[in-house]
Amino acid sequence: MPMTLLELDPSTTLHFCKTPTTPSPNRKLRLTNKTSGPVAFKVKTTAPKSYLVRPSAATLSPHGSEEVTIILQPPGEGQNHRFLVQAVAVSSSQQVSREQWSEFKKEQIEEQRLNVVLEECETEPAATHQDSYGFGSSAVDSSRTASGEAPVDLQVKYDELVQYTLMLEKQKKKLEAEIEDLKCSKSLSSGESGGYNAFHIVLVALIAFMLSYAVKFLG
Numbered sequence: 008m009p010m011t012l013l014e015l016d017p018s019t020t021l022h023f024c025k026t027p028t029t030p031s032p033n034r035k036l037r038l039t040n041k042t043s044g045p046v047a048f049k050v051k052t053t054a055p056k057s058y059l060v061r062p063s064a065a066t067l068s069p070h071g072s073e074e075v076t077i078i079l080q081p082p083g084e085g086q087n088h089r090f091l092v093q094a095v096a097v098s099s100s101q102q103v104s105r106e107q108w109s110e111f112k113k114e115q116i117e118e119q120r121l122n123v124v125l126e127e128c129e130t131e132p133a134a135t136h137q138d139s140y141g142f143g144s145s146a147v148d149s150s151r152t153a154s155g156e157a158p159v160d161l162q163v164k165y166d167e168l169v170q171y172t173l174m175l176e177k178q179k180k181k182l183e184a185e186i187e188d189l190k191c192s193k194s195l196s197s198g199e200s201g202g203y204n205a206f207h208i209v210l211v212a213l214i215a216f217m218l219s220y221a222v223k224f225l226g
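Residue numbering for the sequence shown follows this note's numbering, starting at 8 and increasing by one per position.
Written out as structure tokens, the structure reads:
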């Protein structure tokens, strides 16, 4: 049953095209609020370790829209993966917390599932609209040269930025895990543990800032 709160583009299938130069293909999922009130959404997947989703949750203003960037992380198999978009009408445009989501009744939440199709391609497809492989027409048209071809170096730089974003995300998770291990460790003195924790916290904060900047650039 189609959603009454949100319009999804694409609405049924997320296509990823994996090439020798793009081992981490990305996909854009546009969510549009169809109502005159705020709507909160959440994007979930059956393979959370295989995808980087930004933003994975947000609140849309009346008739507002949001582009969700979905990056397939290496090795990126994509077999039998699915995504679930959940939406609920809310009273304000404030971010809905995880605890608040758990308090909503089942009948309040609308859901729509999307399948994943991963294709092995020799080159990146020349997409002309959003429903092909996630490259919107405005992004493609604005990067075309006089001969009608998209610059190769622009695609290379974009792919490098995607890889850099994935590296930052993995490093951030690694440092966060180390911090948790140090907090649980009883073999270190309180002074040594505190200094080491502070150092790691600064690193995590720096990486988080760089990651958020990179994701905003990708969007």
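We put the CB at the ideal spot given by N, CA and C, even for glycine.
Return yes when the Cβ of residue j is within less than 8 Å of the Cβ of residue i, no when it is not.
| i | j | result |
| --- | --- | --- |
| Ala-64 | Val-97 | no |
| Leu-13 | Leu-38 | yes |
| Leu-189 | Ser-31 | no |
| Leu-182 | Val-211 | yes |
| His-88 | Val-60 | no |
| Val-75 | Leu-36 | yes |
Does the Cβ of residue i have 16 or more other Cβ atoms within 10 Å, making it buried, or fewer, making it exposed?
| i | result |
| --- | --- |
| Lys-49 | buried |
| Ile-78 | buried |
| Lys-112 | exposed |
| Ile-214 | buried |
| Thr-28 | exposed |
| Arg-34 | buried |
| Glu-118 | exposed |
| Thr-19 | exposed |
| Leu-15 | buried |
| Thr-135 | Because the pLDDT of Thr-135 is 38, which lies under 50, any placement of that residue in the model is unreliable, and the question is left without a value. |
Write down the C-beta distance between residue i and residue j rounded to the nearest angstrom, noting that I regard them as a contact closer than 8 Å.
| i | j | result |
| --- | --- | --- |
| Ser-43 | Pro-69 | 5 Å |
| Cys-128 | Lys-25 | 7 Å |
| Thr-66 | Gln-107 | Not quite, the Cβ-Cβ distance comes to about 11 Å (not below 8 Å), so this is no contact. |
Note down, in chain order, each residue of its chain lying with its Cβ closer than 8 Å to the Cβ of residue i, except the 5 sequence neighbours on either side.
| i | result |
| --- | --- |
| Ile-116 | Gln-93, Ala-94 and Val-95 |
| Glu-126 | His-22, Phe-23, Cys-24 and Lys-25 |
| Pro-45 | Thr-66, Leu-67, Ser-68, Pro-69, Ala-96, Val-97, Ser-98, Ser-99 and Ser-100 |
| Ile-208 | Ile-186 |
Please go through the same chain and pick out, in chain order, the residues whose beta-carbon is closer than 7 Å to the beta-carbon of residue i, but skip the five residues on each side of it.
| i | result |
| --- | --- |
| Gly-58 | It is Tyr, not Gly, that sits at residue 58 in the sequence shown. Counting only Cβ-Cβ distances below 7 Å, and skipping sequence neighbours, we find Thr-52, Ile-77, Ile-78, Leu-79 and Gln-80. |
| Pro-82 | none |
| Ala-54 | His-88 |
| Glu-110 | none |
What residues in its chain sit with their C-beta under 6 Å from that of residue i, if we drop five residues either side in the sequence?
| i | result |
| --- | --- |
| Gln-178 | Ile-214 |
| Met-217 | Leu-175 |
| Gly-71 | Asn-40 |
Does the distance between the C-beta of residue i and the nearest non-hydrogen atom of the ligand MG fall short of 7 Å?
| i | result |
| --- | --- |
| Gly-44 | Summarising the ligand content, the structure contains no ligands, and the ligand MG is consequently not present. |
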